[in-house]
Amino acid sequence: MAFNRRGFLKFVAGGAVGTALTPLPWKLIDDVSIWTQNWPWIPRIPDGNVESKPSLVKLGATEYGILITTVDGQPITAAGNPNHPLSLGGIDPLTAASVQLLHSPARVSRPLHKEAGGGFRPLSWSKATDILVDKLAPLQGRQGSVACINGDETSSAHEIISALLGEMHSASAQYFMPSEAGTQQAVWQNLLGGQGSLGYDLEGADLILCINADIFGSWGTAIRNQKVISQGQAACLYAGPARNSTAAIADEWVPVLPEKGAHLALSLASLLLQSGWRPKEPVQGLAELSDFLQREYSSKAIPKKTGLSLATVKSLAERLTRAERPLVMAGSLSGLGGDPIILFAGLVLNALLGRVNANGGLRCIPTPPKVLGRAGSVLDTAKNDLCSFVSDLARGKAHKPDLLLVYEANPMYALPNSETTGAALASIPFKISFSQFMDETAAECDLILPAPYFLERLDDSFTPFGSGSANYSMAEPVARPNADVRPTPDFLLDIMGRLGLQTEVGSYEELLTAKANLLGANTRQLLQGSAWQDGTTARQPPLRLWNASIEECLNRLASGATHQMPLSLAVESELKTGTARTAIPPFGLSTLREEELDHNGFAVRLNSQTASELGLQAEDMVELISSTGKCSARLLLDESVIPGTVVVPSGFGHTHWDEYSRGKGDSVFKILDPRFEPGCGRTMWSDTRVKIAKI
Amino acid sequence: MAKKKKGGIMPFLVGIAAALILGWWIFPHVLFSEHNQPFTFGHRSHLEQDLECTYCHHYREDGSFDGVPGLESCVSADCHAEIIAGTPAEKTFVNEYVKPGKEVPWKVYQKQPDNVYFSHIAHREYDCVRCHPDLEQTDSLPAVSRNKLTGYSRWTMTMDECERCHAQNETSNACYVCHK
Numbered sequence: 001m002a003f004n005r006r007g008f009l010k011f012v013a014g015g016a017v018g019t020a021l022t023p024l025p026w027k028l029i030d031d032v033s034i035w036t037q038n039w040p041w042i043p044r045i046p047d048g049n050v051e052s053k054p055s056l057v058k059l060g061a062t063e064y065g066i067l068i069t070t071v072d073g074q075p076i077t078a079a080g081n082p083n084h085p086l087s088l089g090g091i092d093p094l095t096a097a098s099v100q101l102l103h104s105p106a107r108v109s110r111p112l113h114k115e116a117g118g119g120f121r122p123l124s125w126s127k128a129t130d131i132l133v134d135k136l137a138p139l140q141g142r143q144g145s146v147a148c149i150n151g152d153e154t155s156s157a158h159e160i161i162s163a164l165l166g167e168m169h170s171a172s173a174q175y176f177m178p179s180e181a182g183t184q185q186a187v188w189q190n191l192l193g194g195q196g197s198l199g200y201d202l203e204g205a206d207l208i209l210c211i212n213a214d215i216f217g218s219w220g221t222a223i224r225n226q227k228v229i230s231q232g233q234a235a236c237l238y239a240g241p242a243r244n245s246t247a248a249i250a251d252e253w254v255p256v257l258p259e260k261g262a263h264l265a266l267s268l269a270s271l272l273l274q275s276g277w278r279p280k281e282p283v284q285g286l287a288e289l290s291d292f293l294q295r296e297y298s299s300k301a302i303p304k305k306t307g308l309s310l311a312t313v314k315s316l317a318e319r320l321t322r323a324e325r326p327l328v329m330a331g332s333l334s335g336l337g338g339d340p341i342i343l344f345a346g347l348v349l350n351a352l353l354g355r356v357n358a359n360g361g362l363r364c365i366p367t368p369p370k371v372l373g374r375a376g377s378v379l380d381t382a383k384n385d386l387c388s389f390v391s392d393l394a395r396g397k398a399h400k401p402d403l404l405l406v407y408e409a410n411p412m413y414a415l416p417n418s419e420t421t422g423a424a425l426a427s428i429p430f431k432i433s434f435s436q437f438m439d440e441t442a443a444e445c446d447l448i449l450p451a452p453y454f455l456e457r458l459d460d461s462f463t464p465f466g467s468g469s470a471n472y473s474m475a476e477p478v479a480r481p482n483a484d485v486r487p488t489p490d491f492l493l494d495i496m497g498r499l500g501l502q503t504e505v506g507s508y509e510e511l512l513t514a515k516a517n518l519l520g521a522n523t524r525q526l527l528q529g530s531a532w533q534d535g536t537t538a539r540q541p542p543l544r545l546w547n548a549s550i551e552e553c554l555n556r557l558a559s560g561a562t563h564q565m566p567l568s569l570a571v572e573s574e575l576k577t578g579t580a581r582t583a584i585p586p587f588g589l590s591t592l593r594e595e596e597l598d599h600n601g602f603a604v605r606l607n608s609q610t611a612s613e614l615g616l617q618a619e620d621m622v623e624l625i626s627s628t629g630k631c632s633a634r635l636l637l638d639e640s641v642i643p644g645t646v647v648v649p650s651g652f653g654h655t656h657w658d659e660y661s662r663g664k665g666d667s668v669f670k671i672l673d674p675r676f677e678p679g680c681g682r683t684m685w686s687d688t689r690v691k692i693a694k695i
Numbered sequence: 696m697a698k699k700k701k702g703g704i705m706p707f708l709v710g711i712a713a714a715l716i717l718g719w720w721i722f723p724h725v726l727f728s729e730h731n732q733p734f735t736f737g738h739r740s741h742l743e744q745d746l747e748c749t750y751c752h753h754y755r756e757d758g759s760f761d762g763v764p765g766l767e768s769c770v771s772a773d774c775h776a777e778i779i780a781g782t783p784a785e786k787t788f789v790n791e792y793v794k795p796g797k798e799v800p801w802k803v804y805q806k807q808p809d810n811v812y813f814s815h816i817a818h819r820e821y822d823c824v825r826c827h828p829d830l831e832q833t834d835s836l837p838a839v840s841r842n843k844l845t846g847y848s849r850w851t852m853t854m855d856e857c858e859r860c861h862a863q864n865e866t867s868n869a870c871y872v873c874h875k
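Which chain is which? The protein sequence lines are Z and F, in order. Residue numbering for the first sequence is 1 to 695, as defined by our numbering. Residue numbering for the second sequence is 696 to 875, as defined by our numbering.
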């Protein structure tokens with residue numbers, strides 16, 4: 001057998017035929033196709049021991065128990081906790097993306113100190129501690145020299161911060177970020193003489209009237225609200241300017257301009273009183289309220305005040321009186337505060353209906369206990385108005401602190417009129433951020449001391465805003481820290497020790513255990529994901545339904561279109577685009593439709609009738625201008641928006657964070673127009689008006 | 696002339712033979728790598744102790760399958776908290792895993808990739824060995840044979856097998872049944 005060229009070709013041909021008779025080519029094709037589906041950069045679920053660990057979400061929106069699935073200790077996914085009363089097995093889109101945020105490129109991986117040139121230099125925790133102690137030591141005893149902005153109203157970290165500021169003689173300079181809880185607390189206690197804080201007992205109600213408050217989107221305990229209403233035991237009516245989550249789900253939606261929500265609540269109160277309805281429980285100021293409503297909200301005036309027909313308002317009033325257990329949930333559209341008047345009007349309406357401390361009504365939740373004697377009450381801190389302080393600071397009318405602590409908050413992004421207020425905060429000589437992420441505020445601070453992400457730390461939550469009764473949750477870390485972080489409460493206890501200040505507990509864990517003991521809660525059960533609950537209500541003396549200053553507030557409430565500012569501004573908060581504290585997560589970004597966000601920016605929504613009147617068309621690039629600033633956007637026509645209103649989503653326009661949120665759209669906070677309402681003792685911006693111009 | 700013709704077909708036949716040897720014998724050995732379990736385990740000896748299969752391989756409360764038993768299953772009821780049989784495998788297990796509280800990194804014979812949703816409880820009416828290797832009467836565990844290209848084990852069920860069984864049982868073969 002000669003193995004020449006011809007022989008070789010025959011051998012190859014035979015090989016080809018033989019190969020076709022083996023699995024080799026078919027198996028290789030199949031395996032290569034699978035191989036191409038498994039590139040190394042495609043995330044893989046690791047093999048290992050799968051566990052479900054309870055945790056407690058803290059991302060700046062509603063807080064509730066969740067279950068984190070871990071594989072060999074590494075968190076993989078988040079799900080609702082069916083055993084937690086504020087989750088009932090549900091989860092929101094931001095929390096669903098919370099595990100991903102553990103690995104965000106925006107995580108601050110170690111303590112950072114700002115250099116003269118503006119860049120950051122890494123430093124050790126011991127060096128960072130020395131710097132902070134050196135800054136704080138000379139400020140001891142100087143009243144108001146240290147301020148704190150805290151973005152977590154429910155955590156016991158507040159006690160340690162409050163004790164530190166109290167010891168530094170700066171107790172009055174502690175603020176929470178603007179929120180519905182803070183605004184309601186100010187209105188409830190200052191205007192109505194309410195006790196404790198307020199809860200909404202949805203579970204017991206048979207009719208729920210929501211005015212502006214997007215209770216299924218981002219207002220209050222949104223996930224619990226969804227779950228409770230889905231059981232079908234209560235009818236739900238919504239009055240608001242656009243089809244948001246609540247309008248889409250409610251049994252009936254009554255379109256109302258944003259600034260007319262308070263007028264609607266007071267019109268309903270007026271119709272109740274006109275029909276001879278009187279509250280069963282004793283109240284103060286009923287005669288004065290009645291006189292005012294008769295004068296300002298007569299049947300003739302109601303259509304003009306509300307923009308609705310009298311028949312529509314009467315129908316709503318009749319449904320409220322016919323219901324056995326009605327509940328009115330009135331609040332700001334964004335769920336971020338800024339509308340004390342609608343809160344007042346809603347509370348008055350509930351009081352007239354006899355729904356205070358009633359089954360299925362408002363519940364007066366007793367003041368939470370505190371462990372540290374030197375800490376101030378969380379409810380008192382909630383009444384401090386940060387917006388007012390920062391506005392005064394910007395105008396040079398407030399005492400400027402020497403040092404600012406920022407905990408779990410991003411005020412330079414999320415305060416109304418953010419460009420001006422951000423500049424005012426930036427003027428404070430030394431600023432420290434305890435942020436997990438390089439957000440807008442951290443980037444302006446002199447020292448960044450990264451705190452653990454909520455999945456990496458021990459923390460608690462007492463009665464998040466909107467709960468039906470007092471509740472307490474606690475969670476321990478479910479993940480190993482992904483960065484060189486230190487729990488802020490423990491760090492501050494160390495600082496207090498270094499400064500020679502009295503510390504009543506040795507650690508944050510000790511504080512939380514003591515708090516659980518004070519409540520009579522079982523710490524072990526809390527850490528297993530259940531919540532302590534207590535339906536006890538605070539005894540409520542007769543509420544003050546009338547306050548002469550309210551009349552001034554209502555008169556100042558923007559009453560309609562003007563030539564200069566023809567549009568009402570409706571802020572829409574959807575958790576998929578983050579919160580005031582947390583930017584859009586990558587998973588959230590991928591859920592945005594192209595019409596919501598594209599390379600031209602984010603979309604604001606107008607009714608086609610309004611757009612036509614303003615000479616605008618769909619897809620026009622526009623600029624929204626208020627008296628505080630401007631933001632640019634793309635115009636989307638949406639017939640589910642009431643004429644005369646522009647809907648602007650929040651959560652866009654970040655200038656820092658990571659590639660998934662930075663430079664996406666523009667920030668609505670720049671155009672929110674805050675003003676202090678002396679009658680309410682609170683800053684208001686929900687009636688911001690804007691004009692719109694084609695770019 | 697005839698000789699020349701015979702010599703002419705030989706390279707072709709040799710080529711076929713070489714390809715068959717390569718494709719049926721060498722290729723599978725090259726494509727797959729063998730991975731031994733951390734230590735051996737005898738299913739038969741455990742069944743002789745009157746243990747039911749479900750004692751170790753059970754469904755969780757939510758219906759999901761626990762799959763490979765964890766350390767807890769092995770040390771509960773005082774089974775292997777201490778050395779009882781004294782075999783080398785048990786000594787390895789107790790000393791290297793039980794005492795430090797470390798889970799055994801068992802190598803799984805059949806694991807579906809992340810893009811496949813498979814529910815054991817939906818298939819509970821079928822005998823386990825319809826899909827899994829029958830190890831009931833064995834005293835040791837075979838090595839896991841893993842595809843070097845795909846990373847999948849040799850026993851990983853392929854999509855055509857799933858589809859065939861679904862079709863035979865008049866169950867939907869829609870994409871979303873397995874790919875969520």
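Positions of the beta carbon are idealized from the N, C-alpha and C atoms, including for glycine. Since we're looking at a predicted model, the values are computed, not measured.
Secondary structure of residue i, DSSP reduced to three states
{"i": "F/H730", "result": "strand"}
{"i": "Z/P54", "result": "strand"}
{"i": "F/M854", "result": "helix"}
{"i": "Z/R634", "result": "strand"}
{"i": "Z/C445", "result": "coil"}
{"i": "Z/M474", "result": "strand"}
{"i": "F/A862", "result": "helix"}
{"i": "Z/F292", "result": "helix"}
Rounded C-alpha distance that separates residue i from residue j
{"i": "Z/A234", "j": "Z/A205", "result": "6 Å"}
{"i": "Z/A442", "j": "Z/G118", "result": "12 Å"}
{"i": "Z/A483", "j": "Z/G80", "result": "26 Å"}
{"i": "Z/D687", "j": "Z/K670", "result": "15 Å"}
{"i": "Z/A222", "j": "Z/S87", "result": "9 Å"}
{"i": "F/M696", "j": "Z/V12", "result": "With a pLDDT of only 44 at F/M696, under the threshold of 50, the placement of this residue in the model should not be trusted, and no figure is reported."}
{"i": "F/A714", "j": "Z/G14", "result": "8 Å"}
{"i": "Z/L289", "j": "Z/P366", "result": "27 Å"}
{"i": "Z/L286", "j": "Z/W219", "result": "30 Å"}
{"i": "F/I778", "j": "Z/E456", "result": "37 Å"}
Beta carbon proximity, residue i to chain Z, threshold 8 Å
{"i": "F/P706", "result": "yes"}
{"i": "F/G796", "result": "no"}
{"i": "F/V770", "result": "no"}
{"i": "F/I816", "result": "no"}
{"i": "F/L715", "result": "yes"}
{"i": "F/N842", "result": "yes"}
Of the residues the options, the one placed nearest residue i, counting alpha carbons only
{"i": "Z/P452", "options": "Z/Q436, Z/E440 and Z/S461", "result": "Z/Q436"}
{"i": "Z/L554", "options": "Z/S650, Z/L492, Z/F462 and Z/G679", "result": "Z/G679"}
{"i": "Z/E296", "options": "Z/I550, Z/A423 and Z/W41", "result": "Z/I550"}
{"i": "Z/C236", "options": "Z/A242, Z/D214 and Z/S218", "result": "Z/D214"}
{"i": "Z/G535", "options": "Z/I76, Z/P85, Z/V17 and Z/L21", "result": "Z/P85"}
{"i": "F/Y804", "options": "F/M852, F/D745, F/C774 and F/G765", "result": "F/M852"}
{"i": "Z/R498", "options": "Z/L320, Z/V133 and Z/T19", "result": "Z/V133"}
Min CB distance residue i to chain F below 8 Å
{"i": "Z/V7", "result": "The sequence given here has Gly at residue 7 of chain Z, not Val. So yes, Z/G7 belongs to the interface."}
{"i": "Z/Y370", "result": "The residue asked about is misnamed: residue 370 of chain Z is Lys in this sequence, not Tyr. No - not a single Cβ of chain F is within 8 Å of the one on Z/K370."}
{"i": "Z/G89", "result": "no"}
{"i": "Z/G18", "result": "yes"}
Closer than 7 Å: residue i CB and nearest the ligand SAH heavy atom
{"i": "F/A713", "result": "Absence of the ligand SAH from the depicted structure is noted, as is the absence of any ligand whatsoever, leaving it without description."}
Under 7 Å by beta carbon: chain A residues contacting residue i
{"i": "Z/P23", "result": "Note that chain A does not occur in the displayed structure, where the protein chains are Z and F."}
Cβ-Cβ separation, residue j to residue i (assumed contact under 8 Å), whole Å
{"i": "Z/S488", "j": "Z/C364", "result": "Residue identity check: residue 488 of chain Z is Thr in the sequence provided, not Ser. The pair is not a contact, with the Cβ atoms about 31 Å apart (cut-off 8 Å)."}
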